[in-house]
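As given, the protein sequences belong to chains U and S, one line each in that order.
Take 1 as the starting number for the first sequence in the numbering used here and just add one per residue.
Take 1001 as the starting number for the second sequence in the numbering used here and just add one per residue.
Step one of this worksheet: look at the structure below.
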Amino acid sequence: MTLRNRWRQSLSFFMLTLTGICAVVAVSLLFLILGDLFYNGWRSVDWDFFTKLPLPPGETGGGMANAIVGSIEIVLLATIMGLPVGFMAGVYLSEFGGKTFAFLVRYMADLLNGVPSIVIGIFVWIVVVRRYHFSAYAGGIALALILIPITARSTEQFMNAVPQTLREGALALGASKWKTIATVVVPAAYRGIATGMILGVARISGETAPLLFTSLNNQFWGAGLRDQTASLPVMIYSHAMSPYDDWHRQAWAAGLVLLIGVLFANVAARLILSRGIAVQK
Amino acid sequence: MSPKEHMIMSSANLPSASPAAGKPVEHQGKLKAVNLNFYYGAYKALHDISLEVQANKITALIGPSGCGKSTFLRTLNRICETIPKTRVEGQVLLDDEDVLRVDVTALRRRVGMVFQKSNPFPKSIFDNVAYGLKVNGFRGSLKDAVEHSLKRAALWEEVQDKLQKSAYALSGGQQQRLCIARALAVDPEVLLLDEPCSALDPIATAKIEDLLFTLKDQCTIVIVTHNMQQAARVADRTGFFLLGKLIEYNTTEIIFKNPTKQETEDYITGRFG
């Protein structure tokens, strides 16, 4: 074996090892976070955590029932507001978009995707909260603003993956464009679209910064959606920043519950997608 | 009431269906192209095509790849409009009516199309055939109509036990016949076929060719093919396209045995293409 060959082989081995190590680091980070959360949080995830209100500092026990319900309320509001708009915008981009306007919408959606979520929080604070009040509605609006571009772009991409021949097949039978989209294109892409939606909702349910400015927090059950509302991410933030050991314990538990929820949604989304786009290859 | 009667009734209910629907007059010009030009952007794909398709005949369009025969076919039911930046000049007449004046969905119901690559919808076999009926507001027994269409496409025997299975479970040849059944379900007056057998083996091809013979009593057929033997076997009339021009159009016998143009003869005898 020549020196040159030996050099090539050792370089190849070195690069393989290097990339392998980096891959392991990338994956193990998730497990480190998960493990840490489990280690610190699992003892505190009990019945009380899901059913009781937070207690004042100094007292031990209590739970985060209001934050769990609040999170669900806010995410649900965001979903109701954001998914239809994002979905329809995605349909427009994929099926109707001309050149200039569609390019503009697509570009804006990507920009909006990249806006730091705290900026969105401040924006909603200025537009909504300053006029009315901290509320679940304001939180929902902030999260919907994050959800819309995610949904629009993923819907567009999965609908673009539907072969043009299927559209032509429907059009050639005398279906209108709208009928073709509603009865052929969307059904062919629905798994991908649903996956994108679940991932989007999972993404917004972990957002903290936009909620700090909009739904704020609440140690008690709020007086409805117009009142400031507790949520798990904000609760984690406030409890973790506090000097009380028992609040730290609760924050770990909240983090664990939130992460399991998001993981569950992710796995569900992957399962739906792994069955493939319903189109023959 | 038979499914066929159902369909005639349903087509009579549709406002834009022609009065002649269902009973075309023998051997008349059903579909006419008059000085047709077609552009993809700045590129001119069809040059001044004039051609008359006779009712209840099979018309084959042959020519080398890229000669414009598929493009021409796609102007006949205006499916070419789905491609952006294209432009048509000249006229296409269906029963002497300009197709641009006909509502496009009504036109496509009257002029059905089968594509080169079979394109069943990701739905059950039944729903595939029923699709055209449903979108056209068909009232009546879908079950009978689907059975009737599958029988017309000579597919019923093979699929009658698995109508609820996915269309993708079928073989390539069966899928193509399913697409023909789907097109026949709305009872079109004209059926356009764009190289329907190019992805099929000889047995499946023979089945589809047999099918075309049985269908021509009921509708007018235009088939694009790059297989000259196929044109010779099935067509009453044949048009030869080259570089976006219609070189020669005549009865199949004349085109294959005694063409008047040198280019046609060169192509038929295999000197190019």
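A virtual CB, placed ideally from N, CA and C, is assigned to each residue, including glycine.
Span of the alpha helix (DSSP H) holding residue i?
i	result
residue 92 of chain U	Run containing residue 92 of chain U: none; DSSP gives neither H nor E here.
residue 197 of chain U	186-205
residue 282 of chain U	The structure shown does not extend to residue 282 of chain U, since chain U spans only 1 to 281, so no value can be given for it.
residue 235 of chain U	232-241
residue 1239 of chain S	Careful: residue 1239 of chain S lies outside any alpha helix (DSSP H), inside the beta strand (DSSP E) at 1237-1242.
residue 137 of chain U	136-160
residue 1190 of chain S	Residue 1190 of chain S -> not in any alpha helix (DSSP H); beta strand (DSSP E) instead, spanning 1190-1194.
residue 1048 of chain S	Where residue 1048 of chain S is concerned, there is no enclosing alpha helix (DSSP H), although the beta strand (DSSP E) it sits in stretches over 1043-1054.
residue 114 of chain U	100-114
residue 6 of chain U	3-41
residue 1142 of chain S	1142-1152
residue 1155 of chain S	That residue, residue 1155 of chain S, is in no alpha helix (DSSP H); it is neither H nor E in DSSP.
residue 131 of chain U	First-last for residue 131 of chain U: undefined, no H or E at that position.
residue 1212 of chain S	1202-1215
residue 59 of chain U	Per DSSP, residue 59 of chain U belongs to no alpha helix (DSSP H) and is neither H nor E.
residue 1267 of chain S	1262-1268
Does the ligand HEM have even one heavy atom less than 7 Å from the beta-carbon of residue i?
i	result
residue 202 of chain U	The ligand HEM is absent from the structure shown, which contains no ligand whatsoever.
Please list, in chain order, the chain S residues whose beta carbon lies closer than 7 Å to that of residue i.
i	result
residue 166 of chain U	1119, 1121
Taking residue i as part of the beta strand (DSSP E), name the residues at either end of that continuous run.
i	result
residue 1134 of chain S	Premise fails: residue 1134 of chain S lies in the alpha helix (DSSP H), 1125-1135, not in any beta strand (DSSP E).
residue 1249 of chain S	1245-1251
residue 1037 of chain S	1029-1040
residue 1108 of chain S	Run containing residue 1108 of chain S: none in the beta strand (DSSP E); it sits in the alpha helix (DSSP H), 1104-1110.
residue 1087 of chain S	1086-1094
residue 223 of chain U	Premise fails: residue 223 of chain U is in no beta strand (DSSP E) and is neither H nor E.
residue 1224 of chain S	1220-1224
residue 1276 of chain S	No statement about residue 1276 of chain S is possible, as the shown extent of chain S runs from 1001 to 1273 and does not include it.
For a contact defined as C-beta to C-beta under 8 Å, what are the partners of residue i on chain U?
i	result
residue 1105 of chain S	174, 175, 176
residue 1041 of chain S	Correct list: empty, because the minimum Cβ distance to chain U is about 13 Å.
residue 1082 of chain S	164, 167, 168, 171
residue 1183 of chain S	172, 173
residue 1186 of chain S	173, 174
residue 1109 of chain S	173, 174
residue 1132 of chain S	173, 174, 175
residue 1115 of chain S	165, 168, 169, 172
Comparing C-alpha positions only, which one of the options sits nearest to residue i?
i	options	result
residue 173 of chain U	S:1079, S:1142, S:1154	S:1079
residue 171 of chain U	S:1165, S:1199, S:1108	S:1108
residue 220 of chain U	U:211, U:226, U:230	U:230
residue 1220 of chain S	S:1182, S:1266, S:1065, S:1191	S:1191
residue 1234 of chain S	S:1039, S:1038, S:1060, S:1255	S:1060
residue 163 of chain U	U:251, U:188, U:150, U:57	U:188
residue 166 of chain U	U:43, U:100, U:185	U:185
residue 126 of chain U	U:214, U:147, U:31	U:214
residue 1189 of chain S	S:1120, S:1064, S:1076, S:1070	S:1076
residue 161 of chain U	U:43, U:193, U:80, U:42	U:193
residue 227 of chain U	U:94, U:138, U:122, U:97	U:138
residue 1229 of chain S	S:1262, S:1270, S:1247	S:1270
residue 65 of chain U	U:24, U:50, U:34	U:50
residue 181 of chain U	U:93, U:81, U:19	U:93
residue 1242 of chain S	S:1125, S:1035, S:1045	S:1045
residue 191 of chain U	U:275, U:38, U:3, U:67	U:275
residue 260 of chain U	U:135, U:20, U:30	U:30
residue 271 of chain U	U:195, U:22, U:52	U:195
residue 1249 of chain S	S:1030, S:1033, S:1051	S:1051
residue 252 of chain U	U:106, U:208, U:236	U:236
residue 1036 of chain S	S:1197, S:1211, S:1093	S:1093
residue 1179 of chain S	S:1169, S:1164, S:1196	S:1196
residue 290 of chain U	U:40, U:197, U:240	This structure gives no information on residue 290 of chain U, because the portion of chain U shown stretches from 1 to 281.
residue 135 of chain U	U:12, U:74, U:47	U:74
residue 983 of chain S	S:1112, S:1160, S:1138	Because chain S is modelled from 1001 through 1273, residue 983 of chain S falls outside the range shown and cannot be assessed.
Could you name the residues of chain U that residue i contacts, counting a contact when the two beta carbons are closer than 9 Å?
i	result
residue 1135 of chain S	170, 173, 174, 175, 176, 179, 180, 183
residue 1112 of chain S	172, 173, 174
ask   = Got a sec: which bits of the region 172-192 of chain U sit with their beta carbon under 8 Å from any beta carbon on chain S, in order along the chain?
value = 172, 173, 174, 175, 176, 179, 183, 184, 187, 188
ask   = Are at least three pairs of beta-carbons, each pair with one atom in the region 204-212 of chain U and one in the region 100-118 of chain U, less than 8 Å apart?
value = yes
request  = Identify each residue in the region 1054-1080 of chain S for which the Cβ-Cβ distance to at least one residue of chain U is less than 8 Å, and report them in chain order.
outcome  = 1077, 1079
query = Pairing CB atoms from the region 1149-1161 of chain S with CB atoms from the region 1172-1190 of chain S, are three or more of them under 8 Å?
reply = yes
query = Below 8 Å, can you find three or more Cβ-Cβ pairs linking the region 145-161 of chain U to the region 82-97 of chain U?
reply = yes
request  = Would you check if the region 1128-1140 of chain S and the region 1082-1097 of chain S touch, i.e. whether three or more CB-CB distances between them fall below 8 Å?
outcome  = no
request  = Answer yes if the region 1112-1131 of chain S comes into contact with the region 1162-1176 of chain S, meaning at least three C-beta pairs across the two stretches below 8 Å, and no otherwise.
outcome  = yes
inquiry  = Whether or not the region 238-258 of chain U and the region 51-60 of chain U are in contact is what I'm after, with contact meaning three or more pairs of Cβ atoms, one per stretch, closer than 8 Å; do they touch?
reply    = The region 51-60 of chain U vs the region 238-258 of chain U: in contact.
Touch test, the region 250-270 of chain U against the region 99-112 of chain U, Cβ-Cβ under 8 Å, three pairs minimum = The region 250-270 of chain U and the region 99-112 of chain U do not touch, with fewer than 3 CB-CB distances between them shorter than 8 Å.
ask   = Counting Cβ pairs, one atom from each stretch, are 3 or more of them under 8 Å apart for the region 133-149 of chain U and the region 73-85 of chain U?
value = yes
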